[in-house]
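A.B. asks: This is the structure, below, for whatever I ask next.
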Amino acid sequence: MTERALSTTPRLSSAIVLAAATALLLSSCASSEESAAGDALAGVSGPVGTQTDAGEPVSGGTLSFGSLALPATLDPARTMATGSTGGTEMAAIYDVLVRFDGQGGEFEPQLAEDLTVSEDGKTWTLTLRDGVTFSNGESLDAEAVRWSIDRYVANRGPDSQLWKNAVSSISAPDDSTVIFELSTPWATFPNMLAMGPGMIVAAQSDQAENFTPIGAGPFVLESNKPNEQIQLERREGYWGGDAKLDGVRFLPSAGGQQQLDMFNTGQLEMFFTVEAHIVADVVEAGNPGYLNVMNAGNDVLINNADGRPGSDLRVRQALIKAVDPVAFDERTQDGIGRPSVALFSEASRWSTGAPASKYDPEGARSLLAEAKADGYDGKITFTTRQAPEAQARALAIQAMLNSVGFDAEVEFLNSTTDIIRVINVEKNYDLGQSALSIRDSAPFLKLYSVFHSDSTGNASGYANPEMDELLATLQRASTQEEIQSAIDEIESLAAETVPTLPLAAQDNLVVWQPEVQGASHSFADIMLLDEVWLS
Numbered sequence: 002m003t004e005r006a007l008s009t010t011p012r013l014s015s016a017i018v019l020a021a022a023t024a025l026l027l028s029s030c031a032s033s034e035e036s037a038a039g040d041a042l043a044g045v046s047g048p049v050g051t052q053t054d055a056g057e058p059v060s061g062g063t064l065s066f067g068s069l070a071l072p073a074t075l076d077p078a079r080t081m082a083t084g085s086t087g088g089t090e091m092a093a094i095y096d097v098l099v100r101f102d103g104q105g106g107e108f109e110p111q112l113a114e115d116l117t118v119s120e121d122g123k124t125w126t127l128t129l130r131d132g133v134t135f136s137n138g139e140s141l142d143a144e145a146v147r148w149s150i151d152r153y154v155a156n157r158g159p160d161s162q163l164w165k166n167a168v169s170s171i172s173a174p175d176d177s178t179v180i181f182e183l184s185t186p187w188a189t190f191p192n193m194l195a196m197g198p199g200m201i202v203a204a205q206s207d208q209a210e211n212f213t214p215i216g217a218g219p220f221v222l223e224s225n226k227p228n229e230q231i232q233l234e235r236r237e238g239y240w241g242g243d244a245k246l247d248g249v250r251f252l253p254s255a256g257g258q259q260q261l262d263m264f265n266t267g268q269l270e271m272f273f274t275v276e277a278h279i280v281a282d283v284v285e286a287g288n289p290g291y292l293n294v295m296n297a298g299n300d301v302l303i304n305n306a307d308g309r310p311g312s313d314l315r316v317r318q319a320l321i322k323a324v325d326p327v328a329f330d331e332r333t334q335d336g337i338g339r340p341s342v343a344l345f346s347e348a349s350r351w352s353t354g355a356p357a358s359k360y361d362p363e364g365a366r367s368l369l370a371e372a373k374a375d376g377y378d379g380k381i382t383f384t385t386r387q388a389p390e391a392q393a394r395a396l397a398i399q400a401m402l403n404s405v406g407f408d409a410e411v412e413f414l415n416s417t418t419d420i421i422r423v424i425n426v427e428k429n430y431d432l433g434q435s436a437l438s439i440r441d442s443a444p445f446l447k448l449y450s451v452f453h454s455d456s457t458g459n460a461s462g463y464a465n466p467e468m469d470e471l472l473a474t475l476q477r478a479s480t481q482e483e484i485q486s487a488i489d490e491i492e493s494l495a496a497e498t499v500p501t502l503p504l505a506a507q508d509n510l511v512v513w514q515p516e517v518q519g520a521s522h523s524f525a526d527i528m529l530l531d532e533v534w535l536s
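In our numbering, the protein residues as written are 2 to 536.
Given below as structure tokens:
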């Protein structure tokens, strides 16, 4: 079997660059310091602000990180590993097998030493570093990787159904080698190793009644107070050398303005925000950070399940015609957002030219009247979190829906953690505030997660065989033209069947104080803190 390495550019000992087809997926994000703010506000993902060189690293200090939401559990098999949902917290404990460098468009080794792919794109060979251990002293070898990923899939972790459908087998022929056999070519397979499946948990984590976070990352858990804070402390024996920070404190968000105030008064060294006006203020101030423009990052999830209003196509079509994304943006973000009901907005390299708005109140009334004639009472509930900006969004949507004949109510929950529980886990909702967060660098991964009928991440209950086949076509695509063609068809089918209601592309921004050095941004807005130090 002929294999090719995916890179020759070193970061640690080697780097893992995607095959040529995957490189086509990457959005251009390089920009000069002088143009970084303008590029960011124009929709260009990449670094923002200016990072000063503070000289040689020093040890000490605790980093306070303002999370968008603290994870309910630090188990990667039960928490979505993204920067907005606990991915940074978990990566600090477990590390990741590979990390993604958005600037270079490369997957680089982290816990892994190397990754190669066969010429047919179906066999991936992972080589581990020698001597890596978990924080409890156990060896992180090939069998540990295989066990952890098998556990992840068995526990129905996020995107585990995609893994089951795509990965035929995992083998560990020796202590340092893991071989993944795929059922179909998949150029962006390394994405999975940079997220939840690539966060390797020790077998001892599962031996007690409750899960215990034991990983091979640079930090260990000191305390976890739900909805209050997660405190980590530096571990000894980390494979890359002991972390410079004494510890990391993760604090939940009560809103972007509160985070910004805490940041400006020095109570936070780093925070994650998705609010357009906060992003604009921080970027224009020149603070260092990393911005990702997420397609359909502001979205109303429609429950398509039987017995819900959204099970009726006419109701879903009425919803998208009832909501004016431009007016919504003006009311909730002072008109500085990126309003669009398309899956891929005009800021995306994969934009299909789909209209940014389908606002048609008369059309909405007509469709709603048809549904009511067949017995629908018009009642629908929108579930969101109890925060000022979320309340503004909810009231704007409620007013638009009621103006065309819906009887819309709003259910407020205490936190983003509660939102995830009710919408993604229990699926007990009609409409829910959500974020599809489709990345230009890996559109297949999120599209599969939210739209495939078998996906464990599909919280809407949408099931369409035609969509499933289009997603399979996108997974196999190996040229820019094939990728764009598949996305065009997916966008068209979504417009016809309305599985969800996108409102806008969203700016995801992680920002840090100038004295924070060594911050590393990876896939899905996960921040790696192993080399961070405070000057």
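Even for Gly, the Cβ is constructed at its ideal location relative to N, Cα and C.
Taking the Cβ atom as the reference point for each residue, do G216 and F135 lie within a distance shorter than 8 Å?
C.D. replies: Yes, they are a contact pair.
A.B. asks: Can you find the residues in the same chain that come closer than 6 Å, C-beta to C-beta, to A391, ignoring five residues on each side of it along the sequence?
C.D. replies: Excluding positions up to five away in sequence, the list reads T385.
A.B. asks: Answer yes or no: do T63 and G248 have a C-beta to C-beta separation smaller than 8 Å?
C.D. replies: Contact: yes.
A.B. asks: On the DSSP bridge list, what partners appear for L368?
C.D. replies: Paired residues: none, contrary to the question.
A.B. asks: What three-state label does DSSP hand Y291 in the structure shown?
C.D. replies: If DSSP states are grouped into helix, strand and coil, Y291 belongs with the strands.
A.B. asks: Taking contact to mean at least 3 C-beta pairs separated by less than 8 Å, is the segment 419-433 in contact with the segment 70-88?
C.D. replies: Contact holds: three or more Cβ-Cβ distances are below 8 Å.
A.B. asks: From this set, P77, G256 and T457, which residue's C-alpha is nearest A388's C-alpha?
C.D. replies: Out of P77, G256 and T457, G256 has the C-alpha closest to the C-alpha of A388.
A.B. asks: Does the segment 443-457 come close enough to the segment 145-161 that 3 or more CB-CB pairs lie under 8 Å?
C.D. replies: At 8 Å Cβ cutoff, the stretches touch.
A.B. asks: Could you pull the start and end residues of the alpha helix (DSSP H) that N166 belongs to?
C.D. replies: Start and end: S161 to A167.
A.B. asks: Quick one: what does DSSP say G47 is sitting in, helix, strand or coil?
C.D. replies: G47: strand per DSSP, three-state reduction.
A.B. asks: Taking 8 Å as the cut-off, decide whether the C-beta atoms of A372 and V316 are in contact.
C.D. replies: It is a contact, given that the beta carbons lie within the stated cut-off.
A.B. asks: Of the choices L475, R440 and S68, whose alpha-carbon is the least far from that of N228?
C.D. replies: Residue S68 is the option with its Cα nearest to N228.
A.B. asks: Could you name each continuous alpha helix (DSSP H) segment of 4 residues or more that falls completely within the segment 368-409, going from the start of the chain to the end?
C.D. replies: The segment 368-409 contains these whole alpha helix (DSSP H) runs: 389-404.
A.B. asks: Here's the rule I'm using: 16 or more other beta-carbon atoms within 10 Å means buried, otherwise exposed. How should E467 be labelled?
C.D. replies: Result: exposed.
A.B. asks: Any contact between the segment 134-149 and the segment 176-184? By contact I mean 3 or more CB pairs, one from each, below 8 Å.
C.D. replies: With the cut-off at 8 Å, the segment 134-149 and the segment 176-184 touch.
A.B. asks: My output table needs one value for M537: the three-state DSSP class, helix, strand or coil.
C.D. replies: For the chain, the structure presents residues 2 to 536; residue 537 sits outside this window and is missing.
A.B. asks: How should E516 be labelled, buried or exposed, when 16 other C-beta atoms within 10 angstroms of its C-beta is the threshold for buried?
C.D. replies: Exposed.
A.B. asks: Have a look at Q434, N403 and F407 and flag the residue whose alpha-carbon is nearest the alpha-carbon of F413.
C.D. replies: Comparing Cα-Cα distances from F413 to each of Q434, N403 and F407, the minimum goes to Q434.
A.B. asks: Is it true that the CB of V301 sits closer than 8 Å to the CB of I398?
C.D. replies: Yes, the pair counts as a contact, with Cβ atoms nearer than the cut-off.
A.B. asks: With a threshold of 8 Å, are at least 3 pairs of Cβ atoms found where one atom belongs to the segment 276-296 and the other to the segment 500-514?
C.D. replies: Yes: the two stretches touch, three or more of their Cβ pairs being nearer than 8 Å.
A.B. asks: For Q208, count neighbouring Cβ atoms within 10 angstroms of its own Cβ and tell me buried if that reaches 16, exposed if not.
C.D. replies: Exposed: under 16 other Cβ atoms inside 10 Å.
A.B. asks: On the three-pair Cβ rule with 8 Å, is the segment 327-335 touching the segment 455-473?
C.D. replies: The segment 327-335 is not in contact with the segment 455-473.
A.B. asks: Keeping to the same chain, check which residues put their C-beta closer than 7 Å to that of W164; ignore five residues upstream and five downstream.
C.D. replies: So the list reads V154, M193 and P198, once near-sequence residues are dropped.
A.B. asks: Alpha carbon to alpha carbon, what distance is there between I201 and A113?
C.D. replies: Roughly 11 Å between the two C-alpha positions.
A.B. asks: Give me the Cα-Cα distance between P110 and L252, rounded to the nearest whole angstrom.
C.D. replies: About 29 Å.
A.B. asks: Could you check which residue in D313, G106, T51 and G87 has the C-alpha nearest to that of M528?
C.D. replies: Considering only alpha carbons, the answer is G87.
A.B. asks: Distance check for V280 and A286, CA to CA, integer angstroms please.
C.D. replies: Computed Cα separation, rounded: 10 Å.
A.B. asks: Using C-beta distances below 6 Å, list every residue in its chain close to D313, excluding the 5 sequence neighbours before and after it, in chain order.
C.D. replies: The answer, listed in chain order, is A372.
A.B. asks: Using a threshold of 7 Å, is the CB atom of M271 nearer than that to any non-hydrogen atom of the ligand NAD?
C.D. replies: For the ligand NAD, the structure offers nothing, since it holds no ligand at all.
A.B. asks: Label N211 either buried or exposed according to how many other C-beta atoms from any shown protein chain fall within 10 Å of its C-beta, with 16 as the threshold for buried.
C.D. replies: So N211 counts as exposed.
A.B. asks: Exposed or buried, what is K380 when buried is set at 16 or more other beta-carbons lying within 10 Å of its beta-carbon?
C.D. replies: K380 should be labelled exposed.
A.B. asks: Is the CB-CB distance between A319 and A365 below 8 Å?
C.D. replies: It is a contact, given that the beta carbons lie within the stated cut-off.
A.B. asks: Pick out whichever of R235, S523 and A203 has its Cα sitting closest to the Cα of G139.
C.D. replies: The sequence given here has Glu at residue 139, not Gly. Minimum Cα distance to E139 is reached at A203.
A.B. asks: Using three-state DSSP, classify C30 as helix, strand or coil.
C.D. replies: Only weak support is given to the placement of C30: the predicted model assigns it a pLDDT of 39, under 50, and the value that follows is read from those uncertain coordinates. DSSP places C30 in coil when its eight states are reduced to three.
A.B. asks: Starting from the C-beta of A343, find all residues in its chain whose C-beta is less than 6 Å away, skip the five residues before and the five after it, and write them out in chain order.
C.D. replies: If we look at A343 and ignore the five residues flanking it on each side, its Cβ neighbours are A355.
A.B. asks: Going straight from the alpha carbon of S404 to that of I484, what length do you get?
C.D. replies: So the two alpha carbons sit approximately 39 Å from each other.
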